[in-house]
Amino acid sequence: MRHFRLCCDTTAIDSDEWKTCDIMVLKIESKTSPTCPHSWTRRSIDSAILQQWWKGAQVGMVFFRRHYMITLEVPSKDKSYHWLLSWITKHATRTQHLSVETSYMAHESGRVQTQFDFHPSPGNHIIWYGRKWIRVERTREKQMIDMHTGTPWESVTFTALGRDRKVFFNILQEARELALKQEEGRTVMYTAMGAEWRPFGFPRRRRPLSSVVLEAGVAERIVDDVKEFIGNPKWYTDRGIPYRRGYLLYGPPGCGKSSFITALAGELGYSICLMSLSDRSLSDDRLNHLLSVAPQQSIILLEDVDAAFVSRELLPTENPLAYQGMGRLTFSGLLNSLDGVASSEARIVFMTTNYIDRLDSALIRPGRVDLKQYIGHCTHWQLSQMFRRFYPDQAISEGQRFATSALAARTEISAAQVQGHFLLHKMDPAGSIQNVTQMKE
Ligand SMILES: Nc1ncnc2c1ncn2[C@@H]1O[C@H](COP(=O)(O)OP(=O)(O)OP(=O)(O)O)[C@@H](O)[C@H]1O
Ligand SMILES: [Mg+2]
């Protein structure tokens with residue numbers, strides 16, 4: 001510590017010595033005048049004091065942060081990241097800086113549904129939670145991109161006063177419950193994005209199993225099998241058998257294969273991981289990885305498994321340069337990936353096809369496909385059941401009359417055709433029977 005005296009004729013001040021000392025005590029003499037020719041020296045001293053003060057404040061701040069504040073950083077890769085964004089949206093009601101996330105879904109009927117979700121934008125937000133002020137900082141890296149998803153790397157950091165971690169546990173738990181509540185009674189559809197599964201669109205309202213009318217006993221057969229499988233993990237581990245089960249639903253288009261799987265997922269409270277094997281960016285490694293990281297309690301759905309390999313063989317000859325250099329899925333890669341699907345969780349793989357005869361027998365051998373089920377055109381029983389479901393106040397005999405007239409007009413009727421026909425006669429069951437011959441192809 002050194003002492004300086006500030007006055008016009010003080011040589012110590014002119015010598016710059018004061019700039020290097022750690023702490024200085026200045027004694028400003030009253031005779032110092034603003035008109036003094038050495039007034040620049042006073043300005044230097046002022047700024048030095050400021051600098052020292054600022055340095056001290058920074059050190060103090062670091063000390064304070066380290067000992068009296070608690071922070072939690074959540075990177076965008078973490079499962080809870082999206083839950084937390086929704087939680088922040090719910091709590092940071094006063095923030096004026098928002099970013100939008102648009103969900104888009106095209107229904108089978110052609111109806112398009114969109115939803116805009118606001119989230120607090122990158123920057124700082126202050127939230128009052130649990131009798132504490134919490135600073136939430138959302139940062140988005142400009143230079144770093146998540147190679148799997150192609151989105152900028154992001155993170156949120158929560159900062160609170162005190163040392164109690166409980167506040168963060170509470171926030172995480174609340175965020176999780178909030179997210180699960182939004183998904184309650186709904187089926188989440190995941191699609192593969194890069195090397196991870198991302199929820200696709202809105203979680204769909206669960207479709208009741210009874211709304212998919214299959215031939216008598218068919219739905220029960222599959223549901224019982226799946227439930228029995230889920231309920232007996234020990235049976236598999238005791239025998240050293242991989243805990244997975246494969247199903248193949250095959251048959252003509254529009255007869256309810258996909259609808260049934262969706263309804264089944266709803267019944268089990270599972271989500272669906274929809275995988276397109278015709279995706280040209282899909283390689284053996286990627287498929288293998290995706291199947292092993294699929295969310296827990298989900299059904300892996302491979303639609304139109306026949307199409308993938310047929311079209312794959314055609315494409316290079318049609319346009320040999322088109323996908324050069326991109327990883328492509330090979331048939332043996334697919335088989336290996338299916339064999340590798342095993343986890344302590346029940347792993348259920350459903351495949352669908354319109355042409356079972358085009359499938360290689362290796363793909364559908366037991367172990368890869370354990371249960372095959374034909375889902376065919378509507379039978380008499382199905383037609384009358386569908387009629388009764390659509391027009392609940394009609395007599396059983398009316399349903400049978402509809403089924404008989406429909407089958408008299410043509411033998412191959414898909415459930416999708418019947419559904420379309422009923423929609424044309426929404427309020428008119430008699431008209432639907434009368435015009436049954438006009439059912440559209
Ligand atoms: N058995 C059924 N009971 C009730 N509705 C059905 C049934 N089958 C099909 N539908 C209706 O028909 C439409 C198409 O059905 P879905 O997509 O399940 O057929 P699919 O067998 O998967 O056809 P594809 O082979 O072309 O994929 C859906 O809107 C669904 O509601
Ligand atoms: Mg389908």
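When we follow full-length UniProt numbering, the leftmost residue of the sequence shown carries the number 1, and every step to the right adds one.
Yeah, the Cβ is synthetic: ideal placement off N, Cα and C, and Gly gets one too.
Being a predicted model, the structure only gives us computed values, none of them experimental.
Ligand 2 heavy atoms versus the CB of residue i: any closer than 7 Å?
| i | result |
| --- | --- |
| Ser258 | yes |
| His353 | Note that residue 353 is Thr in the sequence shown here, rather than His. Thr353 Cβ: outside cutoff for every heavy atom of ligand 2. |
| Glu154 | no |
| Glu177 | no |
| Phe215 | The sequence shown places Glu at residue 215, not Phe. Outside the cutoff, so no. |
| Glu137 | no |
| Glu303 | yes |
With a threshold of 7 Å (Cβ to nearest heavy atom), would residue i be considered close to ligand 1?
| i | result |
| --- | --- |
| Met275 | no |
| Ile413 | no |
| Pro253 | yes |
| Met69 | no |
| Gln419 | yes |
| Ile375 | yes |
| Val212 | yes |
| Ala160 | no |
| Ala195 | no |
| Ala416 | yes |
| Met427 | no |
| Met386 | yes |
Put residue i into one of helix, strand or coil per three-state DSSP.
| i | result |
| --- | --- |
| Phe169 | helix |
| Leu84 | helix |
| Phe402 | helix |
| Asp117 | strand |
| Leu424 | helix |
| Met61 | helix |
| residue 466 | No answer is possible for residue 466: the residues shown for the chain start at 1 and end at 441. |
| His377 | coil |
| Gly431 | helix |
| Asn124 | strand |
| Lys142 | strand |
| Pro233 | helix |
| Lys257 | helix |
| Ala362 | coil |
| residue 490 | The structure shown does not extend to residue 490, since the chain spans only 1 to 441, so no value can be given for it. |
| Ala408 | helix |
| Asp224 | helix |
| Val305 | helix |
| Thr89 | helix |
| Leu50 | helix |
| Ser44 | helix |
| Ile241 | coil |
Give the DSSP bridge partners of residue i, in chain order.
| i | result |
| --- | --- |
| Tyr68 | Per DSSP, none; premise fails for Tyr68. |
| Trp437 | One detail in the question is off: residue 437 reads as Thr in this sequence, not Trp. Beta-bridge pairing links Thr437 to no other residue. |
| Ala300 | Inspection of the sequence shows that residue 300 is occupied by Ile rather than by Ala. Per DSSP, Cys273, Val349. |
| Phe158 | Leu72, Val136 |
| Arg186 | Arg205 |
| Trp197 | Ala192 |
| Val100 | Phe118 |
| Lys372 | Leu248 |
| Pro295 | Note: Pro295 sits in no beta bridge, so no partner. |
Are there any heavy atoms of ligand 4 lying less than 7 Å away from the beta-carbon of residue i, as far as the coordinates show?
| i | result |
| --- | --- |
| Thr187 | Absence of ligand 4 from the depicted structure is noted, with ligand 1 and ligand 2 being the only ligands included. |
Determine, using beta-carbon pairs with one atom in the segment 162 to 176 and one in the segment 54 to 74, whether at least three such pairs fall under 8 Å. yes
Check whether the segment 360 to 378 touches the segment 237 to 248, counting contact only when three or more Cβ pairs, one atom from each stretch, lie closer than 8 Å. A contact exists between the segment 360 to 378 and the segment 237 to 248.
Would you check if there are 3 or more beta carbon pairs closer than 8 Å linking the segment 262 to 282 to the segment 418 to 432? no
Below 8 Å, how does it come out for the segment 115 to 131 and the segment 41 to 51: are there three or more Cβ pairs, yes or no? no
If we count Cβ pairs, one from each stretch, closer than 8 Å, do we get three or more for the segment 402 to 413 versus the segment 365 to 385? yes
Determine contact between the segment 180 to 188 and the segment 270 to 282, defined as no fewer than three beta-carbon pairs at a distance below 8 Å. yes
So, does the segment 293 to 301 touch the segment 249 to 256, judging by three or more C-beta pairs under 8 Å? no
Is the segment 330 to 340 in contact with the segment 286 to 295, if contact means three or more CB pairs nearer than 8 Å? In the pairwise beta carbon analysis, the segment 330 to 340 is classified as touching the segment 286 to 295: at least three pairs are separated by under 8 Å.
I want to know whether the segment 207 to 216 touches the segment 224 to 231 - three or more CB-CB distances under 8 Å. no
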